[in-house]
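2 protein chains.
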Amino acid sequence: MSVQERKERERAARERLIVATARELAEQQGWDAVTTRRLAERIEYSQPVLYSHFRGKREIIGAVALEGATEMAALLRAATRAADGPRARVAALARAYLDFAARNPAVYDALFQLDGGLAYAQEDTPQPLKDAFAALLESLGEVAGDGVDPGLFTEVFWASLHGLATLTRAGRLLPEYAEPRVELLVDRLAVI
Amino acid sequence: MSVQERKERERAARERLIVATARELAEQQGWDAVTTRRLAERIEYSQPVLYSHFRGKREIIGAVALEGATEMAALLRAATRAADGPRARVAALARAYLDFAARNPAVYDALFQLDGGLAYAQEDTPQPLKDAFAALLESLGEVAGDGVDPGLFTEVFWASLHGLATLTRAGRLLPEYAEPRVELLVDRLAVI
DNA sequence: GATTCGATCCTAGCACTGCTAGACACCCGA
DNA sequence: TCGGGTGTCTAGCAGTGCTAGGATCGAATC
Numbered sequence: 026m027s028v029q030e031r032k033e034r035e036r037a038a039r040e041r042l043i044v045a046t047a048r049e050l051a052e053q054q055g056w057d058a059v060t061t062r063r064l065a066e067r068i069e070y071s072q073p074v075l076y077s078h079f080r081g082k083r084e085i086i087g088a089v090a091l092e093g094a095t096e097m098a099a100l101l102r103a104a105t106r107a108a109d110g111p112r113a114r115v116a117a118l119a120r121a122y123l124d125f126a127a128r129n130p131a132v133y134d135a136l137f138q139l140d141g142g143l144a145y146a147q148e149d150t151p152q153p154l155k156d157a158f159a160a161l162l163e164s165l166g167e168v169a170g171d172g173v174d175p176g177l178f179t180e181v182f183w184a185s186l187h188g189l190a191t192l193t194r195a196g197r198l199l200p201e202y203a204e205p206r207v208e209l210l211v212d213r214l215a216v217i
Numbered sequence: 026m027s028v029q030e031r032k033e034r035e036r037a038a039r040e041r042l043i044v045a046t047a048r049e050l051a052e053q054q055g056w057d058a059v060t061t062r063r064l065a066e067r068i069e070y071s072q073p074v075l076y077s078h079f080r081g082k083r084e085i086i087g088a089v090a091l092e093g094a095t096e097m098a099a100l101l102r103a104a105t106r107a108a109d110g111p112r113a114r115v116a117a118l119a120r121a122y123l124d125f126a127a128r129n130p131a132v133y134d135a136l137f138q139l140d141g142g143l144a145y146a147q148e149d150t151p152q153p154l155k156d157a158f159a160a161l162l163e164s165l166g167e168v169a170g171d172g173v174d175p176g177l178f179t180e181v182f183w184a185s186l187h188g189l190a191t192l193t194r195a196g197r198l199l200p201e202y203a204e205p206r207v208e209l210l211v212d213r214l215a216v217i
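These protein sequence lines are chains C and Y, in that order. So for the first sequence, our numbering puts the first residue at 26; every next one is plus one. So for the second sequence, our numbering puts the first residue at 26; every next one is plus one.
Structure (structure tokens):
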């Protein structure tokens, strides 16, 4: 038994190595540079090994996305915990979200831009994704306003953040407006 | 002279054919299906012909994007013209924008999701792009509110629309909330 | 401790991608 | 009618994701 357990441990370790390496490579040189050959070379195994862990490149992206979702949820909760009052919590949430997107562009892409083969807003949505949305809902629900569904409000606020995150990174918005944009969004959308 | 003019006319026609075919193919089967081989086959020329018109695939995407920007600007202006009052104009604008994104997903991708090699929010930004932003600015500027820069407000409102458009199409938002999301966004962001 | 057998991994290759060099053919102007 | 130049195509390069098949290594058995 012990031998098999060791093998399973090693296998799990290698799987983590693949995901971590893919993420690192993507952050360094973009997802286009994450080819199966380069990835295999970096983990010092041959290509087919990747396919014994994942169905294909898409599933590797999905794995990075799930890892990112867990991190993001934790960061959002930490940011809101450190803030006092609904207004401050929402502002902290917004900044933490945009900060995460800016610091981890490849992970953000894996989550929301690329096809990682994950289901969203459905029954079979993976737990980390549900939890990340829950982290948003926790702080945003309290400022949705009377008669407005918290889920609906969260979707709208999230979409706005997502738009800001992606358009900012694509260089489609003026850099000097970054902070006022957040202020405006929070002031207008949230009902304090 | 006449011969050369005819040749230039034919060349221009073929260029339009390339862009139209690329767009059609992208709308039918997604941008992944728009390969240089397939595109060449559809226009009944060989691959290298594409490269006598465009530097590469990226420039073809860019051409589709510019065409889309012009259309979008016209649609947005038509929608706002038909509405009475600032509130109705903004709501019409939002619906027209999301409608365009939903009806022309490939064009929308070319504009805001893919790399078409175009400059944004800069000096050398192509006119159609500047004009599309101007179309947004025209209706949104009047509801920015006192002391709020119209450009800043437009960026935020646009980002929200963009977020809704992309997340909706990626199946990341609940379909049944589509209309209330727009209502909420307009009610909260716009100062009427 | 030798041997068999199965899991594990790698080499090689497929069909495809964007892009390009060089040969060919055709058409215009003389 | 003929030469020259423009325009187009064939063929090929390096790279992509993915996979079939054989080789190798190590664990369990006799």
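Quick reminder that beta carbons are idealized off the backbone N, C-alpha and C, glycines included. These figures come from a predicted structure and were not determined experimentally.
Looking at chain C, is there any beta carbon in it that lies within less than 7 Å of the beta carbon of Ala146/Y? The residue you call residue 146/Y lines up with position 121 of the second sequence. True, the Cβ-Cβ gap to chain C drops below 7 Å.
Quick one: complete alpha helix (DSSP H) runs, 4+ long, within the segment 156 to 198 of chain C? 175 to 194
Within chain Y, the residues that Ala127/C reaches when beta carbons sit closer than 7 Å: Reading the first sequence from its first residue, position 102 is the one you call residue 127/C. The contacting residues do not exist; Ala127/C stays about 14 Å from chain Y at best.
Comparing alpha-carbon positions, which option in Phe79/Y, Arg62/Y, His78/Y lies nearest Ser71/Y? Working through the second sequence from its first residue, we reach residue 71/Y at position 46. Cα-wise, what sits closest to Ser71/Y is Arg62/Y.
Should Thr60/Y be listed as close to the ligand ZN, given that the test is whether its C-beta is under 6 Å from any heavy atom? Looking at this structure, you won't find the ligand ZN or any other ligand, since it has none at all.
Cutting at 7 Å between CB atoms, please list the residues of its own chain near Val168/Y, excluding the five before and the five after it. Taking the first residue of the second sequence as position 1, residue 168/Y is located at position 143. Excluding residues within five positions, the ones whose Cβ falls inside 7 Å are Pro111, Val115, Ala215, Val216, Ile217.
Using a Cβ-Cβ distance under 7 Å, would Tyr122/C count as near chain Y? Your numbering for residue 122/C matches position 97 in the first sequence. Output row for Tyr122/C: interface = no.
Which chain Y residues sit within Cβ distance under 7 Å of Ser185/C? Here residue 185/C refers to the residue found at position 160 when the first sequence is read from its first residue. By Cβ distance, chain Y contributes Ala184, Ser185, Gly188.
Which residues, taken in chain order from the segment 194 to 208 of chain C, show a beta carbon closer than 8 Å to some beta carbon of chain Y? Ala195, Gly196, Arg197, Leu198, Leu199, Tyr202, Pro205, Arg206
Would you mind sorting Lys82/Y into buried or exposed? The rule is 16 or more other CB atoms within 10 Å of its CB. As a working note, residue 82/Y is residue 57 in the second sequence. Buried: at least 16 other Cβ atoms inside 10 Å.
Between the CA atoms of Glu92/Y and Gln152/Y - distance to the nearest angstrom: Along the second sequence, one-based indexing puts residue 152/Y at 127. Along the second sequence, one-based indexing puts residue 92/Y at 67. Cα to Cα, the separation comes out at about 11 Å.
Can you list, in chain order, the residues of its chain with a C-beta nearer than 6 Å to that of Leu198/Y? Leave out the 5 residues immediately preceding and following it. Numbered from its first residue, the second sequence carries residue 198/Y at position 173. Excluding residues within five positions, the ones whose Cβ falls inside 6 Å are Leu192.
Taking Glu180/Y and Arg36/C to be in contact with their CB atoms under 8 Å, please state how far apart those CB atoms are, rounded to whole angstroms. Taking the second sequence and counting its residues from 1, the one referred to as residue 180/Y is at position 155. Taking the first sequence and counting its residues from 1, the one referred to as residue 36/C is at position 11. Not really, about 48 Å apart at Cβ, beyond 8 Å.
Distance between Thr150/Y and Leu143/Y (C-alpha atoms, nearest Å): Taking the second sequence and counting its residues from 1, one reaches residue 143/Y at position 118. Taking the second sequence and counting its residues from 1, one reaches residue 150/Y at position 125. Each residue's alpha carbon lies about 7 Å from the other.
Rounded C-beta distance between Tyr202/Y and Leu177/C? I'm assuming under 8 Å. Position 177 of the second sequence holds residue 202/Y. Position 152 of the first sequence holds residue 177/C. Yes, Tyr202/Y and Leu177/C are in contact; Cβ-Cβ is about 5 Å, under 8 Å.
Going along chain C, which residues have a C-beta under 7 Å from Val181/Y? To locate residue 181/Y, count along the second sequence from 1; it is residue 156. Within 7 Å Cβ-Cβ: Arg206, Leu209, Leu210.
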